[in-house]
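Take the sequence shown: its position 198, counting from 1, is numbered 198 in the UniProt record's numbering, and each next residue is one higher.
All C-beta atoms in this analysis are idealised placements derived from N, C-alpha and C, irrespective of residue type, glycine included.
Below is one structure, written out as structure tokens; the observations come after it.
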Amino acid sequence: CRQECLQLSTIKSESRLKHLLQRLPSYCPESMNELWVCINSTLPGASKKSEGWVGLGCCELAIDPDCRQECKLASSKNDIRKKCEKGFENALYSCISRNEMGSVCCSYAGRHTNCREYCQAIFRTDSPPTLSQIKAVEDYCQSISPELISCVENYTESYPIKNPIDSLYCCERADDAHCQTACKRILRTMKTENEIIDGLIKECDKQPLPQDPLWQCFLGNAGSGNNGVSVDTSPSTGLDSAKLHCCYKANTTICRELCFTVSTNWGSTQSWQEFDQFCEYNPMEAAMVNCLADVREPCQLGCKDLTYCTNFNNRPTELFRSCNAQSDQGAMSDIKLWEEGSIKMPFMNIPVLDIRKCRPEMWKAVACALQIKPCYSKSRGSVICKSDCVDILTHCGDHSKFNEGQSPETICDLLSPTDDPERCIPLQRYLSPSSLGDIIEEVIHPCNPNPCPSNQLCEVNRKGCQPGQECLPYFCVQGCKLGEASEFLVHRRALIQVPSPKGEVGCYEICTCGQSGHLENCVDMPCVDTEKTCIVGGQRQSHGTSFKVDCHTCSCFAGEIVCSTRQCLSKQSSEEDRRRFTGLPCGCADQFVPVCAKNGRTYPSACVARCMGLKDNQFEFGTCRDSDPCFPNPCRKGQRCIPKRKVCLTSIDDYPCTQYECLTFSGPCDHSLVDPVCDIDNMEHPNLCELYKSGKTLAYIGHCQDACKKPNPVCGHNGETYCTVCAAYSDRVAVDYPGRCHAVGVVSEVSTDSGCATINCPALPTKGCNPVIPPGACCPLCAGMLQILWTKEQMNVFAKLNNNKPVTIHDILQILRLHISVPQCDIFGYLSIDSEIVILIVPVDERPTPLQIEACNKEAEKIDSLINYGSPTLVSHVPLSAFTVSEVKVSTLTSAAPALAMPVYFSLLLSFSFTLFVSL
């Protein structure tokens, strides 16, 4: 009990605190009165000590005799649901809810009898509390417990102190005529708030989201006495918008409603218990449950410093949700509970034998796995594999105490329904220590565990520091919560997509994360019709699903089929077809006669550009980097034209993809901004402003490198020639081969004799690496690769709502780079010649070790999973929510690769992008 209680002072996460408080009574008996009085008076909402069935005094209000009897025998609200119909027994449920709230609020009074009694008087009847009652509570409790005062105020402010008829005008804010009529009838005939809320939910068929105009008016008028003055409509109020993303993934009505409830600050302990019982282990709700897990505990690379679950240490290339001291302690506490002979779950108890004697190491692995929560690529749920579950319960389950019909197989069918190693946790992996020993310094995780305060995000430091400054491997940056009830943070100035106040599936707002730390400037997006389906080969595909059509990867987005345009060669193809097959779009010849399109992309030929839908007046011959966007000068007098090359993903007719920027340098530069840049004379400047004020020309972003003093052209994966490798990396483009671009690779999965035959590719840096070849490239690469489909219509929506600013590949890379947690990997990308977004996660060492290559692969798999499952971790960021489906390919390692690390030699790229770690 002491060990569990001590954790209360160390936990920062609200959701983890709630979880610990829910299970604390299992460790600390109710008889420990002083402990529970102390907990209840210091932790808001922590009233876990049972003081009897709070509904007992309400049972006489039941209309149905069977319900009344069931109520008296019950030990919780759940026990009365079968006999007591909620819509019929409003008075009973209203009384119970009032008592529950009173139990929480008045527990803060501790041993102060007068304060407690005046507090309880507030909750004894369903009448609105009088002013004298409220004043008595303030007089007797103000100096004793501010928490109690706050709790009572929250309750009284939610009470319709005024006559409900005074709120009739709110009904006009309902969005349909039936709801307006029903609202007026309900306010005229019902008296208590619970009755009114239940009636409005039933008649208007919508959850009481505070942003909804009807609820906003009704609750604001009822609670504050402000005569209908609009309350704060910021989506941060009382909500967890990240979790609301997940609620739309629910397959059942009850779980969707419970999800909405627990995603607001209205969620009670009872709601969480119901959610655990009906939804947490429901296989139909795996998508929603895994989505919520992503919000609460995103999968992160690496696990170390555990003192109990030591077999989980030294695993820098595995993904875990909760590798921290609290989970380590939690696993040990779970084992102690299980040693009492029962594993208690929300919907069942599993009787077990003495686990101290029956396979103790196996049980330890189970407890640690369920607390530390390894993530696997195809399923982000944390369940052990079925064969392990059946095995351990067959040998260690107390079969004599199993319920009728229970067996290891039936229990495991519910808890662990699969043996797919990519969808479950194989315990064998964690029955012995990691084979890596202590070489994990090859791959480090500066942000895991999170070193920053709870209101700040941790960012990997890839810029280094100015001379004389202290250097940390991370930055702590201010963020915005996605709602006051949320622990999920997004970056300042980011564009964020959140569920809209309409509360309808597919309707969202775009907001900015402002300097205030709240979402602001929200504007409505056009709703996406998620009910529209796609007909493919005579079969119906629902919105959000992905599928294959021949060799094409496709997805259904609001009734529109989005497919890759790569060239296919079927098994039935004739020899003539195979002879003519080039592997390029539209069967274009593999010649390199580049054209520059108005979207900023260089295509290898006019044929390929036309195949991608570009008209002849939308491209011109030559590469984009060979043209000077500042000639002739498009800027006004007194301004300087700066080339700012970009590749746009939006319509070039509606949102021109300008390749320059007109700047006026009138004020002083910000000397505190550390973002070094290098000019064409190899002189370094603290930032772009200082460079342009000096009249210099930018060569590349980053510290000046000796190896890039002289021009040494390289060909990037985007088909552009860069004067140095530094310039390519500065553009977030990885290098395909040395020299100027003069060949194009295929985008088909079928290899052909392309122009790449003349290219002399550099040797692979690591022995035993089975590489990937990016689409349109010639040379292989040891990296993780994503090929992403996206919808241009959504990109255009984002551009329109963002002051007609086009969406670019750089926008995508800038956001995704924040999700790369290992500094030994970096992200590059480009728009392929067949219009897929290609993302490469590449080791930055000159000679990467197998461990570093594997880490980059895992980073790619992590992002691929987040895209394909529509995780709020990604899709809340604009414009990533326009992604429809992703495919991942990784460069595997053969057994020929060395098992242990070779010495770490940091390359030009590492010193360019992460100077900080050269000394390592």
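Counting only runs of 3+ residues, the beta strand (DSSP E) found wholly inside the region 611 to 638 occupies 619 to 621, in chain order.
Proximity of the region 820 to 836 to the region 853 to 872 meets the contact definition, three or more beta-carbon pairs being nearer than 8 Å. Contact between the region 693 to 706 and the region 667 to 685 is present: 3 or more CB-CB pairs across the two stretches fall below 8 Å. According to the DSSP assignment, His552 belongs to the beta strand (DSSP E) that extends over 552 to 557. If you ignore the 5 residues before and after Ser651, its C-beta comes within less than 6 Å of the C-beta of Asn796, all in its own chain and listed in chain order. Counting C-beta pairs closer than 8 Å gives three or more between the region 425 to 443 and the region 310 to 324, which meets the contact rule. Contact between Asp398 and Gly330 does not hold, since the beta-carbon distance rounds to 24 Å and is not under 8 Å. For Glu459, the uninterrupted beta strand (DSSP E) segment begins and ends at 456 to 460. Note on the region 699 to 733: whole beta strand (DSSP E) runs with a minimum of 3 residues are 714 to 716, in chain order.
Contact annotation, Leu789 with Glu836: C-beta distance approximately 6 Å; criterion of less than 8 Å satisfied. The way I'd put it, the region 773 to 781 doesn't touch the region 474 to 490; fewer than three beta-carbon pairs between them come closer than 8 Å. Straight across, the Cα-Cα distance linking Pro65 with Leu24 is about 36 Å. Between the region 135 to 147 and the region 104 to 123 there are three or more inter-stretch CB-CB distances shorter than 8 Å, so the stretches are counted as touching.
Taking C-beta separations shorter than 8 Å and ignoring five residues to either side along the sequence, the partners of Asp354 in its chain run Glu339, Gly341, following chain order.
Contiguous beta strand (DSSP E) elements confined to the region 465 to 534 occur at 474 to 481, 489 to 491, 495 to 499, 508 to 513, 519 to 524, taking only those with 3 or more residues.
With a threshold of 16 other beta carbon atoms within 10 Å, Asn154 falls short and is exposed. Distances from the alpha-carbon of Leu801 to those of Val523, Ala182, Ala367 put Val523 closest. One Cα belongs to Asn290, the other to Ser694, and the distance between them is close to 53 Å.
Considering only Thr253, Glu147, Glu361, Gln659, the residue with the shortest C-alpha distance to Asn633 is Gln659.
For Gln371, no beta strand (DSSP E) encloses it; the enclosing alpha helix (DSSP H) starts and ends at 360 to 372. Under the three-state reduction of DSSP, Glu34 is assigned to helix.
Here Ser382 has Lys373 as same chain residues with Cβ atoms under 6 Å from its own Cβ, once five neighbours each way along the sequence are excluded. For Ala597, the secondary structure class from DSSP, reduced to helix, strand or coil, is strand.
Between Ser454 and the set Ala365, Leu393, Gly517, the nearest pair of CA atoms involves Gly517. Nearest to Pro771 by alpha-carbon distance, out of Thr791, Val595, Val890, is Val890. Judged by pairs of C-beta atoms under 8 Å, the region 275 to 287 does not touch the region 386 to 400, as fewer than three such pairs exist. With a beta-carbon spacing of about 17 Å, Ser542 and Thr553 fall beyond the 8 Å limit used to define contacts. If you look at Arg817, you'll find it in the alpha helix (DSSP H) that goes 809 to 817. The region 709 to 717 and the region 731 to 744 touch, with no fewer than 3 CB-CB distances between them shorter than 8 Å. About 52 Å separates the beta carbon of Ser333 from that of Arg566, a gap too long to meet the 8 Å contact definition. As computed with DSSP, Arg315 is found in no beta bridge at all.
Partner residues in the beta bridge of Phe320, as assigned by DSSP, are Gln300, Pro374. Annotated three-state conformation of Thr602 is strand, per DSSP. Within the region 829 to 905, the runs of beta strand (DSSP E) at least 3 residues long that lie entirely inside it are, in chain order, 837 to 843, 883 to 890. One thing to note: Val443 has its Cβ no nearer than 7 Å to the Cβ of Leu457. Annotated three-state conformation of His685 is strand, per DSSP.
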